[in-house]
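K.L.:
Can you keep this structure in mind? I'll have questions shortly.
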Amino acid sequence: SKNEERRSMVFLRKGPKLPAWEDALLSGKDPKSLLKRGLHYVSLSLIMKGMTSTPDFLWGLPEVQKLNLSRNQLLVIPPSLGKLDRLVVLNLGGNSLKCLPKEIGLLRNLKVLFVNMNCLTEVPAELSLCRKLEVLSLSHNCISQLPLSFTDLTSLRKLNLSNNRFVQIPLCVFALRSLDFLHLGSNRLENIAESVQYLVNLQIFIVENNNIRTLPRSLCFVTTLELLNVDYNAIQTLPDDLYLLRRLPRIAWNPMDKGLHIAHNPLSRPLPEVVEGGLDVLFNYLRGKK
């Protein structure tokens, strides 16, 4: 009857009310309709939706492989994240996260993780269970140390730890032999440990804007280096063996250029004049000192 219909309509309206943004997101549609099926991945993008919490419907989409939740106002990621165990790419950048759930360790297919520009003070040891991880950005947080278990991330190739609170390079980093990119710019580093020589595949090493006073001789044995950026530090002298870094093409001034970046350091004389002459002149000078 019409009365029954009216009653059921009223009952429906009184169901659990979704947050305004979630309501707008779905606008009565099946959550699966938000998924995009590309050639390689099933993806879901919820960038800049004004979200302060993750929508519950998310955890009912186990097929999603690429998930972008960046540039919202998320305060927490619930343990339910572990249900999305097909995830390959996860972007949580630009939120207000203070921690990550330990269930992140259940994402055994994860290859790329962005948690840059958040409020993290630590990283869960369980992240080291994501053995397929190749790219990890933790830049622009408040992190001062990493779990020792990170030594298990043997597939990691690119690691961005810039703009944090590291006073020294975490020991576990030197065990990551597959690294070809390491960014530790804008921290509080006072030195680079001799163990840097174990990063035998490193091509790009950025430690600009720290408090580093000297470069270790062992850095000169990382002969794979194509970009070494030590701009804005407290370096006065250079190791004599620096000329062994033959893949550095030039003295570089543009941040994106390959080469040796050594500007804005209190180099002792005659180094400033020698550097002005270019990389060959610098290398010849250092070689001649031996």
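The sequence shown maps to residues 89 to 378 in our numbering.
Note that beta-carbon positions come from the ideal geometry of N, C-alpha and C, so glycine has one too.
1) Less than 8 Å between CB atoms is the rule here; does L236 satisfy it with respect to chain C?
2) Among G126, P143, Y129, G138, which one has its Cα closest to the Cα of P119?
3) In whole angstroms, what separates the C-alpha of L123 from that of S158?
4) What's the C-alpha gap between S412 and E210?
5) Going by DSSP in three states, R125 sits in which element: helix, strand or coil?
6) By alpha-carbon positions, which one of G273, L146, Q153 ends up nearest to I300?
7) Which whole-angstrom value is the C-beta distance of V200 and V223, which I expect to be below 8 Å?
8) Please report the residue range of the alpha helix (DSSP H) in which K377 lies.
9) Hey, F293 and L277: beta-carbon distance below 8 Å or not?
10) For L175 versus Q153, is the C-beta distance shorter than 8 Å?
11) Hey, how far is the Cα of L307 from the Cα of F145?
12) Got a sec, what are the start and stop residues for the beta strand (DSSP E) V130 sits in?
13) Thinking just about the alpha-carbon of each residue, which of S121, N229, L315, N197 is nearest to the one in G181?
14) Where does L178 sit, in a helix, a strand or coil, going by DSSP?
15) Under the rule that 16 or more other beta-carbon atoms within 10 Å means buried, what is P258, buried or exposed?
16) Measuring alpha carbon to alpha carbon, tell me which residue in F371, T325, N289 is nearest L264.
17) In terms of alpha-carbon separation, which member of M344, L326, L333 lies closest to V363?
18) How about T311 and L287: do their beta carbons lie closer than 8 Å?
19) With H, G and I counted as helix, E and B as strand and the rest as coil, what does DSSP make of I280?
20) Report the option in L316, R334, E361 whose CA atom is closest to the CA atom of A340.
21) Which residue marks the beginning of the beta strand (DSSP E) containing L163, and which one marks its end?
22) Which same chain residues end up closer than 8 Å to S232 when comparing Cβ atoms and leaving out the 5 residues on each side of it in sequence?
23) From which residue to which residue does the alpha helix (DSSP H) around V363 run?
24) State the Cα-Cα distance for the pair R101 and G126, rounded to the nearest angstrom.
25) Alpha carbon to alpha carbon, how far is L236 from P189?
26) If you follow the beta strand (DSSP E) that L333 is part of, which residue opens it and which one closes it?
27) Between M205 and L132, what straight-line distance do the alpha-carbon atoms span, to the nearest angstrom?
28) Quick one: what's got a C-beta closer than 6 Å to N183's C-beta in the same chain, skipping five residues either side?
P.N.:
Reading it off the structure:
1) Within the model displayed, chain C is absent; a lone protein chain is all it includes.
2) Per the Cα distances, P143.
3) 16 Å
4) Given that the chain is displayed from residue 89 to residue 378, the structure contains no residue 412 and the question cannot be resolved.
5) strand
6) G273
7) 4 Å
8) 367 to 377
9) no
10) yes
11) 49 Å
12) Where V130 is concerned, the enclosing beta strand (DSSP E) stretches over 130 to 133.
13) Checked all of S121, N229, L315, N197; the closest Cα to G181 is N229.
14) strand
15) Buried: at least 16 other Cβ atoms inside 10 Å.
16) N289
17) L326
18) no
19) The answer is coil: DSSP assigns I280 none of H, G, I, E or B.
20) Closest by alpha carbon: L316.
21) Boundaries for L163: no beta strand (DSSP E) harbours it, and the DSSP string shows neither H nor E there.
22) Close CB contacts of S232 within its chain, under the 8 Å cut and outside five residues either way in sequence, are with T209, N252, R253, F254, V255 (chain order).
23) 359 to 364
24) Legend: pLDDT at R101 = 43, less than 50; position of this residue unreliable, value from coordinates given subsequently. Looking at the backbone, the Cα of R101 and that of G126 are separated by about 36 Å.
25) 18 Å
26) First-last for L333: undefined, no H or E at that position.
27) 21 Å
28) Result list for N183: N160, L162, N206, in chain order.
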